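*Asks:* Pasting in a structure now, in structure tokens, and then I'll have a few things to ask.
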Amino acid sequence: MKHIFGVLFIVLSIHSFSQNKTQNVIIITLDGMRWQEVFGGADSAILKNHIYTKDSIGTNNAFWADDVTERRNKLFPFLWNSIAKKGQLYGNRWVGNKVDNANPYWFSYPGYNEIFTGYPDTAVNSNEKKWNKNINVLEFINNQKKYKGKVAAFATWDVFPYILNTQRSNLYVNADADTLKFENPSLQLINDMQFLTTRPIGVRPDVFTYFAAREYLKAYQPNVLYIAFDETDDFAHVGEYDQYLKSAFSQDAMIADLWKYIQSTPQYKNKTTLIITCDHGRGDKVKDNWRHHGKKIEDAGQIWIAVIGPDTKPLGEVKTAGQLYQKQLAATFAQLLNLNFNTEHPVADPIKSIYK
Ligand SMILES: [Zn+2]
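The sequence shown runs 17 to 372 under the numbering used here.
This is the structure:
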């Protein structure tokens with residue numbers, strides 16, 4: 017009997033450790049980016065409203081098309097030309113595919129906590145710079161021998177060091193205008209620039225976060241990289257729809273640029289899964305609420321997820337009825353690396369369709 021169990025154990029072990037081709041995971045978030053624009057392109061009601069769209073001719077030329085497929089392609093060319101063909105897109109509620117916050121608050125800190133801890137902790141209910149008590153999946157991965165020092169995060173918003181609790185986690189998190197203390201000349205140049213730029217949203221522009229992350233990737237080749245963009249949320253709050261769209265378009269372009277690098281570099285090519293999502297949604301039923309989010313805005317807990325990678329089947333835009341939650345992402349990131357994220361708090365199940 018002993019022998020039979022021994023053999024069975026070995027078979028099960030091989031089975032559970034041999035599935036995924038993914039060796040690197042890159043996570044990107046677009047703060048407060050609505051699923052309505054991801055799947056529908058620019059919204060005509062907001063586009064025609066001169067209060068929200070000052071440059072209506074320019075914005076129409078750049079982002080409007082009568083046909084919805086053409087319109088969303090114009091706003092998110094990488095999502096719709098690359099991910100929709102080779103990856104997966106979840107969250108088009110017009111066809112019954114839903115992704116939601118599990119936390120009841122629908123703003124940033126609780127959303128990012130949910131993404132990275134897998135635990136929609138109801139005690140996390142503020143955007144203040146408080147050290148997060150919950151263990152996140154990035155530190156869990158960084159604490160595995162194989163990935164020690166191979167996990168990094170670059171963020172535009174200066175609250176991320178607290179959300180990811182760098183005090184405890186020892187993760188490398190570079191946020192807002194944190195000095196880039198590297199000898200690499202590209203990172204030194206970006207560092208000089210980030211201190212001299214204008215700051216239209218009160219923190220460094222997303223393009224600096226992106227270039228810092230990209231050059232770090234080239235120089236230090238991390239296995240897990242997180243990039244947190246912020247501009248879309250800020251421009252939405254101040255009611256500048258043209259700037260909100262331009263930021264979304266620019267973020268899509270930066271993601272395309274990163275993917276091009278990944279697929280041209282032996283360390284990353286066909287070994288890297290890219291996951292793109294957001295922290296929360298925004299209003300839509302009451303059109304003026306596109307600017308806002310939070311628990312009083314009834315549709316603001318609606319989000320979306322896009323994935324591309326060697327273990328992700330090319331389902332494209334997922335049109336089957338379904339319900340996913342943001343809290344499932346943390347375990348999914350770990351599972352892609354064949355790791356089982358468990359810690360002292362409950363962790364939601366991974367999204368199997370992403371890697372099976
Ligand atoms: Zn916001």
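C-beta: ideal position from N, C-alpha, C; glycine also.
For clarity, every value in this text was computed on a predicted model and none was experimentally measured.
Within the same chain, show all residues whose beta-carbon is closer than 6 Å to that of Tyr226, passing over the 5 residues directly before and after it, in chain order.
*Replies:* On the sequence shown, residue 226 is found 210 positions in, with the first residue counted as 1. If we look at Tyr226 and ignore the five residues flanking it on each side, its Cβ neighbours are Met270.
*Asks:* Give a single yes or no on whether Asp304 has its beta carbon closer than 7 Å to a heavy atom of ligand 1.
*Replies:* The count along the sequence shown starts at 1 and reaches residue 304 at position 288. In this structure, Asp304 has its CB at a distance of at least 7 Å from all heavy atoms of ligand 1.
*Asks:* Are there three or more Cβ pairs, one per stretch, closer than 8 Å when the region 49-66 is compared with the region 277-291?
*Replies:* no
*Asks:* Alpha carbon to alpha carbon, how far is Asn186 from Asn148?
*Replies:* The residue labelled residue 186 in the question sits at position 170 within the sequence shown. The residue labelled residue 148 in the question sits at position 132 within the sequence shown. Roughly 13 Å separates the two Cα atoms.
*Asks:* Give a single yes or no on whether Asp249 has its beta carbon closer than 7 Å to a heavy atom of ligand 1.
*Replies:* Taking the first residue of the sequence shown as position 1, residue 249 is located at position 233. Yes, Cβ of Asp249 sits closer than 7 Å to a heavy atom of ligand 1.
*Asks:* Does at least one heavy atom of ligand 1 sit under 7 Å from the Cβ of Phe176?
*Replies:* Within the sequence shown, numbered from 1, the residue matching residue 176 stands at position 160. It does not: the Cβ of Phe176 is nowhere closer than 7 Å to a heavy atom of ligand 1.
*Asks:* For the alpha helix (DSSP H) holding Ile157, just list the boundary residues, first then last.
*Replies:* By one-based count along the sequence shown, residue 157 stands at place 141. Where Ile157 is concerned, the enclosing alpha helix (DSSP H) stretches over Val153 to Asn158.
*Asks:* For Ile67, count neighbouring C-beta atoms within 10 Å of its own C-beta (all shown protein chains included) and say buried if the count is 16 or more, exposed if not.
*Replies:* As a working mapping, residue 67 is identified with position 51 in the sequence shown. Exposed.
*Asks:* For Gln279, which residues from the same chain have a beta carbon less than 6 Å from its beta carbon, with the 5 sequence-adjacent residues on both sides left out?
*Replies:* Looking up residue 279 in the sequence shown gives position 263. Here the set comprises Lys285.
*Asks:* If distances are taken between C-alpha atoms only, which option among Pro201, Asp249, Asn200 and Val240 comes closest to Asp222?
*Replies:* The sequence position of residue 222 within the sequence shown is 206, counting from 1. Ranked by how close their Cα comes to the Cα of Asp222, the residues Pro201, Asp249, Asn200 and Val240 have Asp249 in first place.
*Asks:* Taking 8 Å as the threshold, find out whether the region 296-303 comes into contact with the region 76-95 through three or more Cβ pairs.
*Replies:* Contact fails: fewer than three Cβ-Cβ distances are below 8 Å.
*Asks:* Using DSSP with H/G/I as helix, E/B as strand and the rest coil, what is Glu333?
*Replies:* In the sequence shown, residue 333 corresponds to position 317, counting from 1. Glu333: strand per DSSP, three-state reduction.
*Asks:* What first and last residue would you give for the beta strand (DSSP E) that runs through Phe245?
*Replies:* As a working mapping, residue 245 is identified with position 229 in the sequence shown. Here the beta strand (DSSP E) through Phe245 covers Val240 to Phe245.
*Asks:* Going by C-alpha distance, which of Ile73, Leu95, Tyr135 and Asp71 is nearest Trp275?
*Replies:* In the sequence shown, the residue the question calls residue 275 occupies position 259. With distances taken between Cα atoms, Trp275 lies closest to Leu95.
*Asks:* Going by CA-CA distance only, name the one from Leu241, Asn239, Ala264 and Tyr242 that's closest to Phe251.
*Replies:* Residue mapping note: residue 251 aligns to position 235 of the sequence shown, counting from 1. The shortest C-alpha separation from Phe251 is found at Ala264.
*Asks:* In chain order, what residues of the same chain lie with their CB nearer than 7 Å to the CB of Asp268, ignoring the 5 residues before and after it?
*Replies:* In the sequence shown, counting from the first residue as 1, residue 268 sits at position 252. Counting only Cβ-Cβ distances below 7 Å, and skipping sequence neighbours, we find Phe92, Pro93, Phe94 and Leu95.
*Asks:* Distance, Cα to Cα, Lys368 vs Phe349?
*Replies:* On the sequence shown, residue 368 is found 352 positions in, with the first residue counted as 1. On the sequence shown, residue 349 is found 333 positions in, with the first residue counted as 1. Cα-Cα distance, rounded: 11 Å.
*Asks:* For Met209, which residues of its own chain have a beta-carbon under 7 Å away from its beta-carbon, when the five flanking residues on both sides are left out?
*Replies:* Sequence index remark: in the sequence shown, residue 209 carries index 193 (1-based). Only Phe224 meet the Cβ criterion.
*Asks:* To the nearest angstrom, report how far apart Pro216 and Ser72 are at their CA atoms.
*Replies:* Residue mapping note: residue 216 aligns to position 200 of the sequence shown, counting from 1. Residue mapping note: residue 72 aligns to position 56 of the sequence shown, counting from 1. Pro216 and Ser72: Cα-Cα distance of roughly 21 Å.
*Asks:* Jot down the residue ranges of each uninterrupted beta strand (DSSP E) in the region 235-287, minimum 3 residues, whole runs only, in chain order.
*Replies:* 240-245
*Asks:* At the level of alpha carbons, what is the spacing between Val167 and Lys372?
*Replies:* As a position in the sequence shown, residue 167 is number 151, starting the count at 1. As a position in the sequence shown, residue 372 is number 356, starting the count at 1. C-alpha separation (whole angstroms): 24 Å.
*Asks:* In its own chain, which residues sit with a C-beta less than 7 Å from the C-beta of Thr75, not counting the 5 before and 5 after it?
*Replies:* In the sequence shown, residue 75 corresponds to position 59, counting from 1. Leu63, Thr69, Asp258 and Leu261, listed in sequence order.
*Asks:* Take the Cβ of Ser29 as the centre, count every other Cβ of all protein chains shown within 10 Å, and call the residue buried at 16 or more, exposed below.
*Replies:* Locating residue 29 in the sequence shown gives position 13, where the first residue counts as 1. Residue confidence for Ser29 is low, a pLDDT of 47 falling below 50, so the modelled location carries little weight and cannot support an answer.
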